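J.: The sequence shown maps to residues 1 to 239 in UniProt numbering. Please read through the structure below; I'll follow up with questions.
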Amino acid sequence: MRIDVVSLFPDFVRQCAAVGVVGRAQQRQLLQVETWNPRDYTHDRHRTVDASSYGGGPGMVMMIEPLRATLAAVRNAAPEPAHVIYLSPQGSRLTQGRVEALASMPRIALLCGRYEGVDERLLAHEVDEELSIGDYVLSGGELAAAVVIDAVGRLQEGALNDALSAEQDSFANGLLDCPHYAKPVQDALGTVPEVLLSGDHAAIARWRLKQSLGRTWLRRPDLLSRCVLDETSRALLDE
Ligand code: SAM
């Protein structure tokens with residue numbers, strides 16, 4: 001999969017994408033992250049990308065032309081059509097379901113705003129989707145882009161050393177993940193639940209499912225109303 005990021009801070013985006021699972025996915029050539037700086041598509045001495053907002057008021061707005069030229073270069077850089085996403089607090093909320101859908105696309109392009117945002121006309125004509133990472137306002141879209149890259153990148157086949165780990169993560173089956181423990185078995189902070197040491201795989205799976213259900217009920221009851229357990233899970237609970 002290829003992700004193109006349009007940003008005034010390309011170094012920051014590249015650094016975020018260079019570490020951990022996503023960095024490894026790039027090394028394994030499962031993911032290609034390319035950055036594009038709109039300042040490279042300006043024609044004035046100051047490499048201007050913003051102008052004041054018509055109607056007055058504080059803050060600058062990212063202008064159409066540098067972004068249009070940047071997006072044209074992005075589109076020309078690879079044969080696959082890019083699904084263009086503007087990161088915005090006004091977009092629809094990013095969910096694991098949406099992440100999974102994006103992860104299955106061959107190519108997406110992420111447009112990071114700064115200042116008061118982007119000229120509305122560019123958004124109307126060049127953007128396919130607006131995505132928000134939450135109901136708060138960041139000073140720029142780069143952190144949101146890094147969130148999308150990380151969430152999408154780790155789902156690329158072969159990115160995680162054990163593909164099962166994504167299947168067991170929170171939201172993957174509509175529930176929150178169960179608690180996890182590592183050595184030592186005994187510690188001043190507590191003891192590892194006995195069932196996890198039993199070697200009884202069915203009992204462990206049942207315990208984990210019950211923990212997931214309990215946690216989801218306590219922490220995110222909204223998820224439970226939408227969750228449909230698969231046959232294996234239902235069989236486990238019936239035992
Ligand atoms: N004036 C805009 C508004 O109130 O909707 C906010 C602009 S914000 C200061 C600058 C940029 O940060 C936005 O253009 C967007 O790209 C990014 N941004 C801010 N909050 C975000 C969020 N919750 N999710 C995704 N991107 C966000």
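We treat Cβ as the ideally placed atom computed from N, Cα and C, and that holds for glycine. Fair warning: this is a prediction, and the values are worked out from it, not measured in the lab.
Give the C-beta separation of ILE3 and LEU31 to the nearest angstrom, bearing in mind that I take them to be a contact with Cβ-Cβ under 8 Å.
T.: Indeed they touch by this definition, with Cβ atoms about 7 Å apart.
J.: By the three-class DSSP mapping on this structure, what secondary structure does GLY97 have?
T.: It is helical.
J.: Enumerate in chain order the residues of its own chain whose CB-to-CB distance from ALA51 is below 7 Å, with the five nearest sequence positions on each side excluded.
T.: Excluding residues within five positions, the ones whose Cβ falls inside 7 Å are MET60, VAL61 and MET63.
J.: Between the stretch 18-29 and the stretch 113-128, do three or more beta carbon pairs fall short of 8 Å?
T.: No, they do not touch.
J.: Give the DSSP-derived three-state secondary structure of ARG28 in the structure shown.
T.: Residue state, collapsed to three classes: coil.
J.: Under the criterion of a Cβ to heavy atom distance below 7 Å, does SER88 qualify as lining ligand 1?
T.: Checking every heavy atom of ligand 1 against the Cβ of SER88, one is found closer than 7 Å.
J.: Taking Cβ to Cβ, would you say VAL6 is nearer than 8 Å to CYS178?
T.: Their beta carbons are not under 8 Å apart, which means VAL6 does not touch CYS178 by this criterion.
J.: Nearest to ARG121 by CA position, among GLU65, LEU94 and GLN15, is which residue?
T.: Comparing Cα positions, the closest option is GLU65.
J.: Output the boundary residues of the alpha helix (DSSP H) element that contains GLY139.
T.: In the sequence under discussion, the amino acid at residue 139 is Ser, which differs from the Gly named in the question. First-last for SER139: undefined, no H or E at that position.
J.: Can you give me the start and stop residues for the beta strand (DSSP E) that SER132 sits inside?
T.: 129-132 is the extent of the beta strand (DSSP E) around SER132.
J.: Hey, PRO10 and THR48: beta-carbon distance below 8 Å or not?
T.: Cβ distance not < 8 Å, so PRO10 and THR48 don't count as in contact.
J.: Rank CYS227, ALA144, TYR115 and SER225 by C-alpha distance to the C-alpha of VAL99 and give the top, closest one.
T.: Among CYS227, ALA144, TYR115 and SER225, the Cα nearest to that of VAL99 belongs to ALA144.
J.: Would you report the Cα separation of ASP150 and ALA17, rounded to the nearest angstrom?
T.: Taking the straight line from one Cα to the other gives about 7 Å.
J.: If you draw a straight line from the C-alpha of ALA203 to the C-alpha of MET1, how long is it?
T.: Each residue's Cα considered, the two are about 38 Å apart.
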